[in-house]
Amino acid sequence: MWRVFSASATGKRNLEQGAAGQDASHCVVTDDVLVAIVCDGAGSVREGRTGSDFIARALAEQLSSTLHADRNLLEVQTEGNARLEATIHSAIEAVRTRLADLAASRQVALHDFSCTLVGCVASPGGGRFFQIGDGFAIQQGAAGDSVLSRPENGEYADETYFLTDENWKGHLRLTPLPAPERGCVIGLMSDGTAPFAVNRARSGFFRPFIDPIAAFLREATAPNGNEALRNLLESPRACEISPDDKTLLLAFVL
Amino acid sequence: MNTIIPDVALIDNSDERAPLVLVLDCSGSMQEENKIQLLNEGLKTLAADLKVDPIAARCGRVLVISFGGDGNVEIMGDWTDAMDFTPPELLAGGLTPLGAAMRCALDEVESQKSEMRTAGVAYKRPIIMLLSDGESTDDWRQVAAECKNAETAHKVNIMAIGIGDQANKETLGHFSNKGALSLSELKFKELFIWLSRSIRAVSRAPSGGTVQLNPVDSWAQLST
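Keeping their order, the protein sequence lines are chains S and D.
The first sequence begins at 38 in our numbering and counts up by one.
The second sequence begins at 279 in our numbering and counts up by one.
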């Protein structure tokens, strides 16, 4: 049911300092259920990449296996599906605790692993976006109608919120997703990708950006598509627009 | 291998908005010395000059609030991107409800900020420019104190400007921690060119920084 492509590019800012990119993404498709995560490690901490890598992988695996073990969690996809939301909530809590244990074993603070979270659970009956901090998630229907999860920033400054924050629960935002029909595309991205992937009104993808990509990827093999996506994110023009790390994960309904 | 996806448009859609509220005195006294006319022409200069600069045209967000008439405060249309800004034609008459006008400006700034936050649109610190030629006819003290507090909290940058000799500069000075300035010889055109250039500077400034505005000597009267 799903075809998924993803790529990350290290931004100019990190390249110039000889630092690694801080973004990570991971995706698990089990039967017809997609769980995808994009994390952006804070540039201001030393182990941002460790945090984003760990969370993206661990959370996608954990959520996917919980949902696989109990399909009933996805059965009722109305606004009030409290069980699915509780499942997402406790999965985040569980991996956050594991990250805290990792931090303790390395004698660093959890804060040193600071990263944002943009994720989705999508199944034939619908699903949820879940987000802490900046970045964007967009589900664009076949008719072009979009459901978004938008960034949460502090006032003016480049300040955002992290999964590793003490009060992460206060900043976790869940967005119900309608059943994905054929031709629908789901995109998760870090804040470095958003300036050119999201339209000016912040109401959906920038169509002159996403339409050619969607047309190309629908015909592409996975390695080829991922490479093309990475070339795009690493292109001089993309780097000119944003010096940040850039990640884009796209899932198409076949 | 070097796989390229053809025809992808890469454009920066993320400009941070630079909100500007003009709080304009349209009381009866603005009819004298052709002031209302000069003000209207100044607004046209502002609209045209903002559009000349592509970044300011995209980033500037403008709202006009007039006060006067029957003691009324009127929001003249909606918030508009500078590229779409067409100034209203202002008419002079009536009283000078300065306090109510500034209360309205503070409220509008906060609700616009909250709208932009909801939409995920980043923004710079808004500027409120207050222009008045007379004496406030309503209770302004409480609002003036709130204006100063909002400035101290970095919520807004307020410029209070007196027009002509009859403007009560002492009252105007209470609306900003920087005090009030005086417009020299009805130089509305110079004032609005300066304002447009300031919006250009704010539009280009990095996030979170403090913007140094241009010197005001093209239009401001040095205190006597």
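The beta-carbon is built from N, C-alpha and C at its ideal position, and this holds for glycine as well.
Just so we're clear, the structure is a prediction, and the values are computed from it rather than from any experiment.
Less than 6 Å between C-beta atoms, sequence neighbours within five positions excluded: which residues of the same chain meet that for A383(D)? As a position in the second sequence, residue 383(D) is number 105, starting the count at 1. For A383(D), where only same-chain residues beyond five positions count, the Cβ hits under 6 Å are V299, V301, I343, I406.
Taking S392(D) as the reference, which of R295(D), L491(D), A483(D) has the closest Cα? Residue 392(D) sits at position 114 when you count from the first residue of the second sequence. S392(D) has its Cα closest to that of R295(D), out of R295(D), L491(D), A483(D).
Provide the residue(s) that pair with D356(D) in DSSP beta bridges, ordered along the chain. Walking along the second sequence from the start, residue 356(D) turns up at place 78. None, per the DSSP bridge assignment.
Can you find a CB in chain D that lies within less than 9 Å of the CB of F233(S)? For the purposes of this step, residue 233(S) is taken as residue 196 along the first sequence, with counting starting at 1. Yes, contact with chain D.
Would you say L328(D) lies against chain S (beta-carbon separation less than 9 Å)? Here residue 328(D) refers to the residue found at position 50 of the second sequence. Closer than 9 Å to the CB of L328(D) there is not a single CB belonging to chain S.
Here's the rule I'm using: 16 or more other beta-carbon atoms within 10 Å means buried, otherwise exposed. How should S142(S) be labelled? The sequence position of residue 142(S) within the first sequence is 105, counting from 1. Its Cβ having fewer than 16 others within 10 Å, S142(S) is exposed.
Cross-chain neighbours of L269(S) in chain D, by beta carbon under 7 Å: Locating residue 269(S) in the first sequence gives position 232, counting from the first residue. The contacting residues are I283, V286.
Distance, G241(S) Cα to P161(S) Cα: Taking the first sequence and counting its residues from 1, the one referred to as residue 161(S) is at position 124. Taking the first sequence and counting its residues from 1, the one referred to as residue 241(S) is at position 204. Spanning the two alpha carbons is a distance of roughly 21 Å.
Neighbourhood of F453(D) by C-beta, 7 Å cutoff - its chain only, sequence neighbours within 5 removed: Taking the second sequence and counting its residues from 1, the one referred to as residue 453(D) is at position 175. Correct list, in chain order: M380, L408, A422, C425, I436, A438.
For S292(D), go through chain S and note every residue whose CB falls closer than 7 Å to its CB, in chain order. On the second sequence, position 14 is the one that residue 292(D) refers to. In chain order: A231, P232.
Please state whether the Cβ-Cβ distance between L121(S) and A95(S) is less than 9 Å. Position 84 of the first sequence, counted from the first residue, corresponds to residue 121(S). Position 58 of the first sequence, counted from the first residue, corresponds to residue 95(S). Taking C-beta atoms as the reference points, L121(S) and A95(S) fail to come closer than 9 Å.
Reference C76(S), options S227(S), A179(S), H148(S), closest by Cα: As a working note, residue 76(S) is residue 39 in the first sequence. If we check each option's Cα against that of C76(S), S227(S) comes out closest.
Of the residues A44(S), N51(S), D69(S), V82(S), the one placed nearest M38(S), counting alpha carbons only: If you number the first sequence from 1, residue 38(S) lands on position 1. Nearest neighbour of M38(S) by Cα position, chosen from A44(S), N51(S), D69(S), V82(S), turns out to be D69(S).
For H432(D), count the other beta carbons within 10 Å of its own beta carbon; 16 or more makes it buried, fewer makes it exposed. Which is it? Translated into positions along the second sequence, residue 432(D) becomes position 154. Around the Cβ of H432(D), a 10 Å sphere holds fewer than 16 other Cβ atoms; the residue is exposed.
Using a Cβ-Cβ distance cut-off of 9 Å, determine whether R237(S) contacts chain D. On the first sequence, residue 237(S) is found 200 positions in, with the first residue counted as 1. At least one C-beta of chain D is nearer than 9 Å to the C-beta of R237(S).
If you draw a straight line from the C-alpha of F104(S) to the C-alpha of N51(S), how long is it? Here residue 104(S) refers to the residue found at position 67 when the first sequence is read from its first residue. Here residue 51(S) refers to the residue found at position 14 when the first sequence is read from its first residue. It is Leu, not Phe, that sits at residue 104(S) in the sequence shown. C-alpha of L104(S) to C-alpha of N51(S): approximately 36 Å in a straight line.
Any idea what DSSP makes of K283(S), helix, strand or coil? Your numbering for residue 283(S) matches position 246 in the first sequence. Here DSSP, grouped into helix, strand and coil, assigns K283(S) to strand.
What distance in whole Å lies between the Cβ atoms of C152(S) and I92(S), which are believed to be in contact at a cut-off of 8 Å? Counting from 1 along the first sequence, the entry for residue 92(S) is found at position 55. Counting from 1 along the first sequence, the entry for residue 152(S) is found at position 115. Separation of the CB atoms of I92(S) and C152(S) is rounded to 6 Å, and the pair is thereby assigned contact status at 8 Å.
Inside the segment 290-331 of chain D only - beta strand (DSSP E) runs reaching at least 3 residues: The DSSP assignment places 296-304 as complete runs of the beta strand (DSSP E) inside the segment 290-331 of chain D, in order along the chain (cut-off: 3 residues).
For D303(D) and T374(D), believed in contact at Cβ under 8 Å, the rounded distance: On the second sequence, position 96 is the one that residue 374(D) refers to. On the second sequence, position 25 is the one that residue 303(D) refers to. About 6 Å separates the CB atoms of T374(D) and D303(D); that is less than 8 Å, so the two are in contact.
Under DSSP, the beta strand (DSSP E) around G224(S) begins and ends at which residues? What you label residue 224(S) is simply residue 187 of the first sequence in a count that begins at 1. It spans 222-226 - the beta strand (DSSP E) in which G224(S) sits, taken as one unbroken run.
Please report whether the beta-carbon of P493(D) lies at a distance below 9 Å from any beta-carbon of chain S. Within the second sequence, numbered from 1, the residue matching residue 493(D) stands at position 215. It does not; no Cβ of chain S falls within 9 Å.
Of the listed residues E468(D), I477(D), G412(D), G371(D), nearest to W497(D) (C-alpha basis): In the second sequence, residue 497(D) corresponds to position 219, counting from 1. Ranking the options by Cα distance to W497(D), first place goes to E468(D).
Proximal residues to D495(D) (C-beta, below 6 Å), its chain only, five neighbours per side dropped: Counting from 1 along the second sequence, the entry for residue 495(D) is found at position 217. Excluding sequence neighbours, D495(D) sits near nothing in its chain.
Can you tell me the Cα-Cα spacing of L200(S) and I283(D), whole angstroms? Taking the first residue of the first sequence as 1, we reach residue 200(S) at position 163. Taking the first residue of the second sequence as 1, we reach residue 283(D) at position 5. Cα-Cα distance, rounded: 34 Å.
Residue-level contact to chain B via CB, T374(D), 9 Å cutoff: No chain B appears in the structure shown, which is made up of the protein chains S and D.
Applying the criterion that 16 or more other CB atoms from any shown protein chain within 10 Å of the CB defines a buried residue, is A194(S) buried or exposed? Locating residue 194(S) in the first sequence gives position 157, where the first residue counts as 1. Because A194(S) sits at a pLDDT of 45, beneath the cut-off of 50, its placement in the model cannot be relied upon, and the following sentence gives the value as read from the coordinates. The residue in question, A194(S), is exposed, as its Cβ has fewer than 16 Cβ neighbours within 10 Å.
Along the chain, which unbroken stretches of the alpha helix (DSSP H) at least 4 residues long are found entirely within the segment 67-119 of chain S? Correct list: 85-106.
Rounded Cβ spacing between A275(S) and F233(S) (contact assumed at less than 8 Å): In the first sequence, counting from the first residue as 1, residue 275(S) sits at position 238. In the first sequence, counting from the first residue as 1, residue 233(S) sits at position 196. With a contact defined as Cβ atoms closer than 8 Å, A275(S) and F233(S) qualify at about 7 Å.
Could you round the C-beta distance between A128(S) and Q99(S) to whole angstroms and report it? I think they count as a contact, below 8 Å. As a working note, residue 128(S) is residue 91 in the first sequence. As a working note, residue 99(S) is residue 62 in the first sequence. Cβ atoms of A128(S) and Q99(S) come within 8 Å of each other, at about 5 Å.
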